Amino acid sequence: MACALAFGGGIVGFLWIQWGGLTDSGSRVASSDVRFNRDIRPIFSETCFNCHGPDEHSREADLRLDTAEGAFGALEEGGFAIAPGDLEKSAAWTRIISDDPDLLMPPPDSHFVLSDRQKATVKQWIEEGAKYEEHWAFVAPVKSEMPEVENETWGSSPIDRFVLARLEEEGLEPSEEADRRTLIRRLSYDLTGLPPSLNEVHAFLEDDSPDAYERLVDRLLASPHFGERMASAWLDQSRYADTNGYSRDGARTMWLWRDWVIQAYNEDKPFDAFIREQIAGDLLPDATPDQIVATGFSRNHMITAEGGTIKLENLTNYAVDRVKTTSEAFLGLTMACSQCHDHKFDPISQEDYYRMFAYFNTLSDEGIDGAGGINAEPTIKARTPYRHSDIENVREKLESLESLLAIEAATLQGSWERKVVDELKLLGKDLRLHGLKPLMANNPNVPASMIELRKDNSVFLKEKTLSPRGAFYSLAMEFPEEIKKAVTGIRIEFYPHELVNDGSLGYGDKEAQGGFGVSAVSVSSGTVPVADFDLNSEVEVSSATASYSHPDYPASGMLDPRWPTAWSPLGKTKEPQHLTLTFAKPVEPDATPYLSVMVNFQQIANAGHFKVLAMTGIDDDSNVPEDIRRILNEAPVDRSRREARLLSEYHAQDDPRLAGLSAEIAIHGNRLREMTDAYSTQVMDTAIEPRKTYILNRGSYDEPGREVEPGVPASLPPLPEGASADRLGLADWLVDPEHPLTSRVAVNRIWQLFFGTGFVATSADFGSQGEWPSHPELLDYLAVDFRENEWSVKVLIKSIVTSSTYKQESRVSEKIAAFDPNNRLLSHGARFRLSAESIRDSALKTSGLLNDWIGGSSVKPYQPRGIWREISHYGSVRDLTQVYVQDRGSNLYRRSLYTLWKRTSPPPSMMAFDAPNRELCMMSRETTNTPLQALTLLNDPQFVEASRVFAERLLNEMPDVDGESILRRAFEIVTSRLPSEIELGELVAAWEEQCSYFESHRSEAKALLRVGESSSDENLDVVQHAALAVIANLVFNLSEAITKG
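Note that the sequence shown covers residues 91 to 1135 in this note's numbering.
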C-alpha cells in the first residue's frame, strides 16, 4: 500500500459534532383542559409547598395547598384560599396577581415568581372548578384502553399506539424506520454495550427473512454480555465501588455481588425476586449463599475505620444511606428529605422516614471497621454466583502457559544466572555514603518543637509519649558540597532511640515489639528546599534493599506491584539497621541540589531516630536470598534436585524477559481460583440484639426522640397482611401487586436506558418535585404489563426494542428540533452519547484487544500516574488503594465494568465521560460535551494503543490492498456504515499527510507504535502502520463513533 501526500483539514469538520443539549421537561405545550397533577402541582410544588405544603413545622398561616381539604377550608381571617369556579373569592388568586408586596404571593423575599403562563394556568384551573387529584404516582397503575389513532398502518405494539396518539394530538408524525446498519448498531450497544462486528452487520444485511430483526433481538438478549450491560447501570444506582470512601478510602472485596447482578440479568431473574434478594435475601427461607451475597446491595455504602469517628454516628450514616438508596432505586422518592423534618413537598413525615430507617438499623455491623483491605462485618465467604461455562478452557490455557514458561525459562536460565552472578560481584562497587542535611522536618502527629535536627544530620524525636499512629515524615534535604558524582540512591539509617526503655529502634505501641514498618518512601528533587514531596518531580525508585528484613516484610515488598507490603527489621531491633533505595536514573546534585523525602510508617510504630544519606556507586546489599546466592555459586552438576527447582522458580519470578508470561500465568491462575474458590463479601444480617430506632431531632444521631418501629410511609399502601416487621416484610411490600411505585420506577429506569430519558425525566423523584410523565398512560400500561409477565426484564426490553417507536431513524427536522428539542414526544429515534464504559469497550473490541471474560475481581488498566498518591491517606496499615499499581497482560483489556472503582479517585478517563464517583445512589448520569473528552480519546494510552492495534489488524487482514479500501473498511468497522465519498476523501487526505510526516519522522512513528503493553508487529512498515494508527484514532474520535443514533 503506497503512501501519498497532503493532509486535508476538512475531516475536523465532522469531529465532535453532537446533536444539541436536551433539557425540555416533556410536559404538554398546550391543552384545552387543565389537570392538577400535570399542570398545577408542579407550579404549586415549586412556588408554594415550601410554606403551604406537607411539612407542618414550616407551614405558614396553617394553610395547605397540596390537598383539597386544605385549599378549600376556611381561612383564619375568613374566606377561602381556593374557591372552585370563583376567582374573586379565591384569596390565593387575588394575592398571586396583587401589586402590593405585602400581599403578593409568593412573597418577594422568597425569590419565587409565577410567570404569566403559570398564572394563566392557575386561573384556568380555578375557573374550571379547581379539581384536585391524588398524586398520580401514589395511585396504583392500571392498563388503559388502546387509544384511537388516525394512522392505522404505523406500528403494531401497544407502545406504538400510545406514542402515535400523542404525536397525532400534537400534529406530528413518527419518523421513518432506521436502516439496517443503524438498527444493528443501536441494538448491539443497547443490549450488550458493545458494537456489532462487521461480520454481524453483513449477516444481518443479507438476512431477508421476515423475522431477521426479532431473531437478532433474541440472540443479543441471550448473550452473556447482556448481563454486563444491564449491570453497568445498576452499579451506579447501587453505588458499587471497590473502596470504602472517606479520606482513607481503603479497599473492600464486593465483586461477588457484582457477579450476582450480572448473573441475575442473564438468567432473567424476575425483578420482584431481584428486589427481594437484594433487600432481604438473608431472611428468605433456606436462603442460599447466592441470595445472601445479593444483600450486598445494602452494604455498598461508604464505611469508615478512621480514628476519632463515633460508632453511633457512623451507624446512623450507614442506615441513612440505605434508606436513600432503597427509596430512590425502588420507589423513586426522595425520602432523604425527611431525615431532619417532614418532607416539604411530598406526604412523607419524619416519622415515616425513621420507620423505614428501622428496617436497616438491625445489623451487627460495628460502625468503625474495614481497615487494611479487610471487609467490614457482617461478611460471608462464598463462591461466585456467576455460572461460568469456560472453567475447563481457563484450566487448559493455564497449563499451556505454564508449559510455555518452562520451555522459555529453560532457554533463558543460563544467561540469567550469568547476569545475576555478575551483578552480585559488583555489589558495593565505588560505594560512598554522604549525609544529607535536613533543613525541615514535618510529622502530622508531632509538634515541630519536638523534632530535633541534630548536627550529625540525624532526625530525633525528643518526647517518647507522642502518638506514633498514622505518622509520616516529610523532610527537606540538601546535598553536601562534597558530592562530585551523580547520586544513585539514598540510604536511611535507623538507630535505637535513647528514650525508649529497651533501647529498640521502634518508637510506638507495645505490640510493635520494638520494631516498625516502613510502608513507602517517596523522593522528589528540586532547585529549592521543600519538605513536601512533589509528584511532578518524583525520583523513581528501581529497587529497595535492607541490612536486614523480617522474612514476611522484605524491603523489596515495598515495590511489589502484586501486593505492596511494608519493610520491617522486626527480630533485630536492638541494633542499627538501614534501608537503601536505588534510583532508576541518577540525580545530579548540581542541577537539583535538594531532595524532598517522605517516609511513611505503618500504624502502630515509627522510628524516632534516623538519618538520610545520599549514595553514589552501587548498593552493597542485595535482594537475592542467601540460599539462592549459595546455589548460584555451585556448578549446575553439583546442585540437588531441590536446589535446581528452587533456582528455576526464583528465575521465573525474577527474569524480566519472562514477566509477560508470568503475568498471564498469574492472571489465569487467579481467574481459575475466582471461578472455583470462596471469597469474602459484605452482606446483611440481623444482630442478636437489634438496635432500637428513634426519631432523631434534626437528624442528629445524638438527639434521639420518640422510639419507632419498622413501617412504611402512611401515604402509600399498607404492608401486606401478615408481613414480618423486618426487611423481608419491606421487600414483600415493595413487590406487592398493588404497590403504585415499584413497577413504574423499574419500567421508567429501563426505558431510560434505551431513550436516554425515562417517561419521568426525574427518575429518582416521582414526587411533587418530579416531572410529569411524558406518556403517563403508556408508563402505567408497561408497569402493569411488567408485573403480568412475571416481572421479566427481558420480556419488557423485547417489547421496547421491537417497537416501531424504538426503530425510528434519529434524524431530526428543524421543526421538531424547535418544537420538541429533547424528543420527549418520541417522534424520532434516540440519539445520545454512549456511556464512558461503552466508549472504552468499543475501542477495545474494535481493535481486537478486548478480554471478554465475565465476572471476577476488579482490574486496574492504564491511568495517569500519581493520582492515587496525591489523594491517599498515608501512615496507616498498607493498603492497595494508596498507590495505583497498573495491571499487566490481558487484565488491562477487561471490560470497563470491571475497572477498580476508588471513590475518592474514580477512573479518570471514565470521569471525563460523566461517570459518577459512586459515593451515593445515582439514578441517571449527566451527559456533557467537553474538550477533555476529545483529549482523552486522542491521548489516553488505552485509546492510542487500541488505535495502533486496530491499524495492525487492518494491515494484516488486508495485505496488498490499496489504502482507500483499508480506510473504507476502518470507517465501516467503527461506525457500522460505509463512508460517503466526501468522508472517504477526507480520510485519504489525512492518511497521505500522516504518511508524509512519518516518512521524515520515523523515530516518532516508532514511539507511537510502542504505546501500550501489547506487542507491535515488527514486520509491518513503520510509516504505514503509524499513519494508519493516527487515522484509526481519528475515526475513534468521530461523534458518530461515540454516539448511539
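Cβ atoms here follow ideal geometry from the backbone N, Cα and C, with glycine treated the same way.
Model, not experiment: these values are computed from the prediction.
(message) Classify L193: buried if its beta carbon has 16 or more other beta carbons within 10 angstroms, exposed otherwise.
(response) exposed
(request) Sort out for me which residues DSSP pairs N941 with in a bridge. (result) R984
(request) Quick one: using the 10 Å Cβ neighbour count with 16 as the cut-off for buried, is C427 buried or exposed? (result) buried
(message) Run through the DSSP bridge pairs and tell me what A341 is partnered with.
(response) T333
(request) Mind checking which residues open and close the beta strand (DSSP E) that includes P676? (result) 667-677
(message) Contact between the stretch 913-927 and the stretch 995-1002 is defined here as three or more beta-carbon pairs at a separation below 8 Å; is this criterion met?
(response) yes
(message) To the nearest angstrom, how far is the alpha carbon of R761 from that of Y988?
(response) 13 Å
(message) Out of R477, E492, Q327, which one is the CA nearest neighbour of S417?
(response) Q327
(request) Would you mind reading off the limits of the alpha helix (DSSP H) that contains I1132? (result) Looking at the DSSP string, I1132 is not in any alpha helix (DSSP H), and its letter there is neither H nor E.
(request) Measure the alpha-carbon distance for S833 versus L1027 and round it to whole angstroms. (result) 38 Å
(message) What residue range does the beta strand (DSSP E) around V702 cover?
(response) 699-706
(request) For E568, I'd like the list of residues in its chain whose CB is within less than 6 Å of its CB, leaving aside the five on either flank, ordered along the chain. (result) K527, L529, Y684
(message) Just to confirm the assignment, what range does the alpha helix (DSSP H) spanning E960 have?
(response) 957-961
(message) Going by DSSP, what residue range makes up the beta strand (DSSP E) through E583?
(response) 577-584
(request) Helix, strand or coil for S115, going by three-state DSSP, please let me know. (result) With a pLDDT of 36 at S115, under the threshold of 50, the modelled position of this residue cannot be trusted; read the value that follows with caution. Coil, per DSSP.
(request) Kindly indicate which three-state DSSP category V253 falls into: helix, strand or coil? (result) helix
(request) Check K471 in the structure and name its three-state DSSP category. (result) strand
(request) Jot down the residue ranges of each uninterrupted alpha helix (DSSP H) in the stretch 903-936, minimum 4 residues, whole runs only, in chain order. (result) 904-909
(message) Less than 7 Å between C-beta atoms, sequence neighbours within five positions excluded: which residues of the same chain meet that for E542?
(response) F550, K552
(message) So, at 6 Å on beta carbons, what are the nonlocal neighbours of L1118 in its own chain, with the 5 sequence-adjacent residues on each side left out?
(response) A1041
(request) Give a yes or no on contact between the stretch 337-354 and the stretch 463-470, applying the rule of three or more CB pairs nearer than 8 Å. (result) yes
(request) Write down the C-beta distance between S609 and Q692 rounded to the nearest angstrom, noting that I regard them as a contact closer than 8 Å. (result) 5 Å
(request) Taking the CB atoms as reference points, tell me whether L165 and C138 lie closer together than 8 Å. (result) no
(request) Out of R1067, Q1023, E793, A1005, state which residue places its alpha-carbon closest to the alpha-carbon of E1016. (result) A1005
(request) Quick one: residues in its chain with C-beta nearer than 8 Å to the C-beta of P174, no 5 flanking neighbours on either side, listed in chain order? (result) F162, I216, G219, A220, K221
(request) Quickly, what does DSSP pair R788 with across the bridge? List them, please. (result) R788 is not bridged to any residue.
(message) Alpha carbons only, please: which of R993, S900, S937, G945 is nearest the one belonging to E266?
(response) S900
(message) If you measure between the beta carbons of T672 and S633, is that distance less than 8 Å?
(response) yes
(request) Take V837 as the anchor and find which of E724, V885, E242 has the nearest alpha-carbon. (result) V885
(message) Here's a check: name, in chain order, each residue in its chain whose Cβ is nearer than 6 Å to the Cβ of F387, leaving out the five neighbours to either side.
(response) S328, Q368
(request) Pull up the distance between the alpha-carbon of D176 and that of I133, whole angstroms please. (result) 20 Å
(message) Relative to the C-alpha of S1105, which candidate in S1086, Y1087, V1064, R1038 has its C-alpha closest?
(response) R1038
(request) Look at the alpha carbon of V484 and the alpha carbon of H758, and state the distance between them as a whole number of angstroms. (result) 7 Å
(request) Kindly provide the ranges of any alpha helix (DSSP H) runs that are 4 or more residues long and lie completely inside the stretch 108-188, ordered along the chain. (result) 131-137, 139-142, 158-162, 181-186
(request) Pair every Cβ in the stretch 578-588 with every Cβ in the stretch 722-738, then say whether three or more of these pairs are closer than 8 Å. (result) no
(message) If you follow the alpha helix (DSSP H) that E741 is in, where does it begin and where does it stop?
(response) The question names Glu, but residue 741 in the sequence shown is His. First-last of the alpha helix (DSSP H) with H741: 731-744.
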